[in-house]
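A short write-up of the structure that comes next.
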């Protein structure tokens with residue numbers, strides 16, 4: 035149990051376009067979902083935390099108008115990179131935390147989405 | 003605020019040698035602690051975790067880690083490294099309340115010599 039998927043796994047887009055990445059908890063309900071960004075050969079940096087039905091909380095330095103997060107249901111969160119530019123090229127990873135029960139205090143990670151902006 | 007330090011950016015060991023990767027944390031109480039491994043271009047794989055109880059934690063792939071409160075450390079160990087262990091290793095500190103947010107260390111890249 036506790037499987038998290040991301041779609042797409044890879045995306046290439048042109049500069050100035052918007053890209054949406056989906057994160058789904060497949061076999062559990064997620065109270066909270068997290069979005070991380072990882073530049074090549076660097077660590078994961080938490081971008082934002084989202085709770086179902088409420089606005090996301092962004093980490094300092096992350097542009098909320100640039101990275102739109104929607105957590106519309108207990109199993110789905112989306113990250114939209116608006117007006118993407120080459121510097122937004124990165125590996126985006128989501129994670130989800132169970133609503134209740136076993137391992138409620140642990141995050142389960144998706145496989146990541148590689149975004150390349152040309 | 004929570005923080006985590008992995009002092010070694012790169013480590014090279016010979017296959018069959020023992021391994022220890024260091025992790026030090028800062029947190030107001032005993033945090034949740036995790037070690038993840040990441041191969042190039044791949045996602046994270048959880049090696050082991052500590053929430054409470056026995057301070058020596060066994061994980062997958064023959065890894066173990068020991069929580070030392072007095073040293074604010076959670077070092078990862080393996081008695082005999084295999085070539086397939088070459089990867090990036092991340093230590094993470096998890097908050098014990100609120101959103102249970104994680105902060106990741108900068109990572110240690112492990113190279114294994116044949």
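Protein chains in written order, with my numbering: chain A, 35 to 152; chain B, 3 to 116.
Even for Gly, the Cβ is constructed at its ideal location relative to N, Cα and C.
All values reported here derive from a predicted model rather than from experimental measurement.
Thinking C-beta only, is residue j closer than 7 Å to residue i?
| i | j | result |
| --- | --- | --- |
| residue 91/B | residue 39/B | yes |
| residue 59/A | residue 137/A | no |
| residue 105/A | residue 84/A | yes |
| residue 143/A | residue 112/B | no |
| residue 17/B | residue 116/B | yes |
| residue 86/A | residue 108/A | yes |
| residue 61/A | residue 95/A | no |
| residue 94/B | residue 106/B | yes |
| residue 128/A | residue 67/A | yes |
| residue 52/B | residue 78/B | no |
| residue 61/B | residue 50/B | yes |
| residue 100/A | residue 92/A | no |
| residue 110/B | residue 23/B | yes |
So the candidates are the options; which of them puts its Cα closest to the Cα of residue i?
| i | options | result |
| --- | --- | --- |
| residue 12/B | 21/B, 6/B and 4/B | 21/B |
| residue 55/A | 42/A, 47/A, 64/A and 62/A | 42/A |
| residue 52/A | 110/A, 127/A, 141/A and 102/A | 102/A |
| residue 39/A | 75/A, 111/A and 98/A | 111/A |
| residue 37/A | 47/A, 57/A, 49/A and 46/A | 57/A |
| residue 69/A | 104/B, 24/B and 10/B | 104/B |
| residue 70/B | 41/B, 81/B, 83/B and 33/B | 33/B |
| residue 116/A | 63/A, 50/A and 91/A | 50/A |
What are the start and end residues of the beta strand (DSSP E) that includes residue i?
| i | result |
| --- | --- |
| residue 46/B | 46-52 |
| residue 89/B | 89-96 |
| residue 133/A | Looking at the DSSP string, residue 133/A is not in any beta strand (DSSP E), and its letter there is neither H nor E. |
| residue 105/A | 101-107 |
| residue 97/A | That residue, residue 97/A, is in no beta strand (DSSP E); it is neither H nor E in DSSP. |
Using a Cβ cut-off of 7 Å (strictly closer), state whether residue i contacts chain B.
| i | result |
| --- | --- |
| residue 62/A | no |
| residue 131/A | yes |
| residue 66/A | yes |
| residue 139/A | yes |
| residue 74/A | no |
| residue 49/A | no |
| residue 113/A | no |
Compare the C-beta of residue i against all C-beta atoms of chain A and say whether one is closer than 7 Å.
| i | result |
| --- | --- |
| residue 14/B | no |
| residue 23/B | no |
| residue 46/B | yes |
| residue 106/B | yes |
| residue 101/B | yes |
Open item on the list: Contact between the region 56-72 of chain B and the region 3-11 of chain B is defined here as three or more beta-carbon pairs at a separation below 8 Å; is this criterion met?
Closed with: no
Open item on the list: Counting beta carbon pairs with one atom in the region 139-149 of chain A and one in the region 114-130 of chain A, are three or more of them shorter than 8 Å?
Closed with: yes
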